[in-house]
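For reference, the structure is listed below as structure tokens.
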Amino acid sequence: MSAAVHERFVDVAVIGGGPAGLSAATNARRAGAARVLVVERDVRVGGILPQCIHAGFGLHEFGTDLTGPEYADRWTAAAAEAGVEVLLDTMVLSLGPDPDGGGLLLSAVGPSTGVLHLHAAAVVLAMGCRERTRGALNIPGDRPAGIYTAGTAQRLTNLEGLMPGRRIVILGSGDIGLIMARRLTLEGAQVIAVLEVLPYAGGLTRNVVQCLDDFGIPLRLSTTVVRIQGREHLEGVVTARVDADRRPIPGTELEIPCDTLLLSVGLIPENELSRDAGIPLDPATGGAVVDETLETALPGVFACGNALHVHDLVDYVSEEAAAAGKSAALHARAVSDAASGALRADPASAPAAAPVASSAPVRLASGPGVRTVVPQHLRRAAAAGLPLVDEVKVRFRIAAVFGACTLRLTAVSADGTRAVLATARRRRAVPGEMEDLGLKGPALAAARAAASIEVSVEGDAHG
Amino acid sequence: MDEFRTVTCTVCPMGCSIRVRLEDGLPVAFEGHQCKRGPVYARDEVLDPRRMLTTTVRVCGSATRLVPARTSAVVPRDRLMDVMALVRGLCAVAPVEAGQVLCADLLGTGVDLVATGSVPASPPATPVSAPDRKEDSR
Ligand SMILES: Cc1cc2nc3c(=O)[nH]c(=O)nc-3n(C[C@H](O)[C@H](O)[C@H](O)COP(=O)(O)OP(=O)(O)OC[C@H]3O[C@@H](n4cnc5c(N)ncnc54)[C@H](O)[C@@H]3O)c2cc1C
Ligand code: SF4
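Here it is in structure tokens:
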């Protein structure tokens, strides 16, 4: 028998078994979905966490400082206890409306799974993110061996026990780069410097102190790599200081001999599947455009975690994914209620997806000082099976380092009248840490009645 | 004779730069902190800086090569490299359970090295023989 196609039917299918997928699936079960299946392409669940052996996870959620593997284990256990089924070593290849019914159809393959056609009433996108690579950076020079993304080096070091090199330069001062500077130093490598093109460190101050200062590793700000040296294997890099427009300043070049260059220059939500499915993406976040139930523009498809927008704290990934899982469960129930209703009643009179939401949703837009906002829309009225949520968390990233500042959500009405819905004061705010503001009660009602909502930050920006 | 040290507080994201005045090596005055947790942190940081260590330990008797580990408490910062020299020579025998002590009382610090993940005992990757997974379709 050759390449038989298996068919399976579930209520909620979750794509990706990282912290987002595990939380979405667990909470879909808790919200009443009967059959919940996580499809994971790797041979284990946990996503990126098994390689994040450092601590700093779970402080917000569990009130204790866990390592990545410990955090993943807690969620793996919670998912098993909630009755979530996991299909490992299976990659989802496509996603779209189910031609045979009202739901969605996924196709997946894996060495032991074969070809799987998975019919689901609701789908949660939890594919995580990938790292920006050198191609996205445009460093001139040959392409010698010895250049890795920081995440690849993390996997080699922490899962496979392989050192990427001995004399290392790290480009980018995000948390992954800082954590790897410490890790490789502890393993006996020499980290010569961490370079950052911006005038401030990308990662947490705590990581700058404990990963660089503790080991005397220099952090060179406003500095980048302008040339790569070596043909077969990396022999060195040429660095230069940059001006306010991030252009290299002639005469500031410095040659650093090294055998390894790590790139820690940003993460991009993984959305090939979503793009192929025609789901509109937000160019600012790189993830799907969603409303406050985390539903994308393709009905029944929800998104969360790093596939939706890049998070810095896994605790908030789990929290956001829980909301997506719950929404997916409610949607799945509405689909099955509609189907059984349609069987009982005359199809013409069946209350299919009631077209209550006649008016366009409220748009949330980045105002001054803000780079990304999720969700991008707010519903004005409930949809079939999905009641209006009574509390909305607006998550956003600011565009620069701010000293004392005020974060603000402002309702803008059709005639241009502005009304402040929520504010928070910060003594300091940085792009590396995601901010959020909540809406509930009268403020949420006012938000749903507005023409649009502006998210802004006001204060003194430092760069 | 007075001496000054500057400590970056890492207790919260403010990251205050705290100037500590030392008299005979003891911290006596603090400036630059924005809350009372700052001086507490800065005093410890000047007198006895300690850090949690997270690392990996080699595993024997499993296809999985490493088990992640952490110290059971913070260790003196200036012992980190010595502890790592010891850890690099360790080999844990599978199966390993999360929470298991992999090395007790690291270099007399009173702190243990504890596994933060589990590794089942499994034969090391052998040449492919009869696959035990059914490849035919159901
Ligand atoms: C290298 C790296 C290091 C990081 N370090 C930290 C850190 O130290 N601390 C921190 O708080 N955050 C860290 N992050 C951020 C971290 O990724 C998030 O906190 C969290 O892991 C995101 O969870 P997620 O489930 O959205 O994504 P992931 O953890 O990336 O999980 C996504 C999962 O989806 C699977 N998948 C993707 N596509 C498919 C498909 N088509 N079919 C089936 N499965 C698929 C992947 O295999 C993966 O298991 C790091 C991120 C990266 C990339
Ligand atoms: S002194 Fe207070 S405000 Fe400043 S970093 Fe420390 S804990 Fe935060």
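First to last, the protein sequences are chains A and B. For the first sequence, position 387 matches number 425 in the numbering used here, and the numbering has no gaps at all. For the second sequence, position 73 matches number 104 in the numbering used here, and the numbering has no gaps at all. Backbone N, C-alpha and C fix where the C-beta goes; we use that ideal spot for every residue, glycine too. These numbers were taken from a predicted model, which means no experiment stands behind them.
Buried versus exposed, by CB contacts within 10 Å (16 or more), residue i
i: glutamate 291 of chain A; result: exposed
i: glutamate 429 of chain A; result: exposed
i: glutamine 65 of chain B; result: exposed
i: serine 150 of chain A; result: exposed
i: serine 397 of chain A; result: exposed
i: isoleucine 49 of chain B; result: buried
i: cysteine 90 of chain A; result: buried
i: arginine 464 of chain A; result: buried
i: glutamate 119 of chain A; result: exposed
i: histidine 347 of chain A; result: buried
i: aspartate 453 of chain A; result: exposed
i: aspartate 213 of chain A; result: buried
i: glutamate 169 of chain A; result: buried
i: alanine 49 of chain A; result: It should be noted that the sequence gives aspartate, not alanine, for residue 49 of chain A. Buried, since its Cβ has 16 or more Cβ neighbours within 10 Å.
i: arginine 313 of chain A; result: exposed
Beta-carbon contacts of residue i that lie in its chain and below 7 Å, excluding the five residues immediately before and after
i: alanine 481 of chain A; result: Leu459 and Ala460
i: valine 394 of chain A; result: Summary for valine 394 of chain A: the model assigns pLDDT 43, below 50, so the residue's position carries little reliability; its value from the coordinates is reported in the next sentence. Contacts found: Ala419, Ala420 and Ala421.
i: glycine 94 of chain A; result: Asp103
i: aspartate 111 of chain A; result: none
i: alanine 488 of chain A; result: Val400, Ala449, Val450 and Ser451
i: alanine 146 of chain A; result: Val77, Thr128, Met129, Val130, Leu131, Leu154 and Leu156
Nearest to residue i (by Cα), restricted to the options the options
i: aspartate 180 of chain A; options: A:Ser61, A:Val493 and A:Arg265; result: A:Arg265
i: glycine 19 of chain B; options: B:Gly56, B:Val51 and B:Asp55; result: Because chain B in this structure spans residues 32 to 169, residue 19 of chain B falls outside the shown range and cannot be described.
i: aspartate 251 of chain A; options: A:Ala462, A:Val373, A:Arg279 and A:Val232; result: A:Val232
i: isoleucine 317 of chain A; options: A:Val348, A:Leu163 and A:Leu125; result: A:Leu163
i: glycine 274 of chain A; options: A:Val408, A:Pro295 and A:Gly96; result: A:Pro295
i: glutamate 54 of chain B; options: B:Tyr72, B:Val42, B:Glu34 and B:Cys43; result: B:Glu34
i: serine 211 of chain A; options: A:Gln228, A:Asp329 and A:Thr187; result: A:Thr187
i: proline 80 of chain B; options: B:Thr87, B:Tyr72 and B:Thr86; result: B:Tyr72
i: glycine 141 of chain A; options: A:Asp329, A:Ala367 and A:Arg433; result: A:Ala367
i: leucine 97 of chain B; options: A:Thr223, A:Ala377, A:Asn196 and A:Ile491; result: A:Asn196
i: arginine 409 of chain A; options: A:Glu471, A:Ala370, A:Met129 and A:Ser378; result: A:Glu471
i: histidine 369 of chain A; options: A:Thr331, A:Val235 and A:Phe100; result: A:Thr331
i: leucine 78 of chain B; options: B:Met115, B:Ala104, B:Ser103 and B:Asp109; result: B:Asp109
i: valine 280 of chain A; options: A:Glu293, A:Ser260 and A:Gly268; result: A:Ser260
i: leucine 87 of chain A; options: A:Val355, A:Glu234 and A:Glu45; result: A:Val355
i: valine 427 of chain A; options: A:Arg433, A:Leu416, A:Val147 and A:Ile436; result: A:Leu416
i: aspartate 474 of chain A; options: A:Leu224, A:Thr444, A:Ser490 and A:Phe100; result: A:Thr444
i: serine 302 of chain A; options: A:Pro178, A:Gly240, A:Val147 and A:Met165; result: A:Gly240
i: threonine 37 of chain B; options: B:Ala60, B:Leu111 and B:Cys122; result: B:Ala60
i: glutamate 225 of chain A; options: A:Arg244, A:Met201 and A:Leu209; result: A:Met201
Start-to-end residues for the alpha helix (DSSP H) that takes in residue i
i: tyrosine 72 of chain B; result: 68–78
i: leucine 222 of chain A; result: 213–224
i: glutamate 119 of chain A; result: 106–120
i: serine 61 of chain A; result: 57–68
i: proline 480 of chain A; result: 479–487
i: arginine 269 of chain A; result: Taken as a continuous stretch (DSSP letters only), arginine 269 of chain A belongs to no alpha helix (DSSP H), as it is neither H nor E.
i: phenylalanine 310 of chain A; result: The question names phenylalanine, yet the displayed sequence has glutamate at residue 310 of chain A. Glutamate 310 of chain A -> alpha helix (DSSP H) spans 310–314.
Span of the beta strand (DSSP E), counted from its first residue to its last, around residue i
i: threonine 444 of chain A; result: 440–450
i: glutamate 293 of chain A; result: 292–295
i: leucine 117 of chain B; result: No beta strand (DSSP E) holds leucine 117 of chain B; the alpha helix (DSSP H) holding it covers 111–119.
i: glutamine 192 of chain A; result: Not the beta strand (DSSP E): glutamine 192 of chain A falls in the alpha helix (DSSP H), residues 188–193.
i: serine 302 of chain A; result: From DSSP, serine 302 of chain A is part of no beta strand (DSSP E); its letter is neither H nor E.
i: serine 48 of chain B; result: 48–54
i: isoleucine 491 of chain A; result: 490–499
i: alanine 94 of chain B; result: Looking at the DSSP string, alanine 94 of chain B is not in any beta strand (DSSP E), and its letter there is neither H nor E.
i: histidine 155 of chain A; result: 152–163
i: leucine 133 of chain B; result: 132–134
i: proline 58 of chain B; result: 57–62
i: leucine 142 of chain A; result: 142–148
Beta-carbon contacts of residue i that lie in its chain and below 8 Å, excluding the five residues immediately before and after
i: alanine 315 of chain A; result: Ser132, Leu133, Gly134, Leu336 and Val339
i: arginine 270 of chain A; result: For clarity, residue 270 of chain A is glutamate in the given sequence; the question names arginine instead. For glutamate 270 of chain A, where only same-chain residues beyond five positions count, the Cβ hits under 8 Å are Pro182 and Ala183.
i: alanine 438 of chain A; result: Gly407, Pro469, Ala499, His500 and Gly501
i: aspartate 297 of chain A; result: Gly184, Gly203, Arg204, Arg205, Ile206, His271, Leu272 and Glu273
i: proline 178 of chain A; result: Val264, Arg265 and Ile266
i: serine 374 of chain A; result: Asp49 and Ala159
beta-carbon residue i near ligand 4 non-hydrogen atom, thresh 6 Å
i: methionine 45 of chain B; result: Annotation note on ligand 4: not contained in the displayed structure, which lists ligand 1 and ligand 2 as its ligands.
Sequence-distant residues of the same chain with beta carbon closer than 6 Å to residue i, five excluded per side
i: proline 151 of chain B; result: Pro126
i: leucine 126 of chain A; result: Glu78 and Val81
i: alanine 360 of chain A; result: Ser61 and Asn65
i: serine 168 of chain B; result: Residue placement at serine 168 of chain B cannot be trusted, given a pLDDT of 36 that sits under 50; what the coordinates show is reported in the next sentence. Correct list: empty, nothing qualifies.
i: lysine 431 of chain A; result: Asp474 and Gly476
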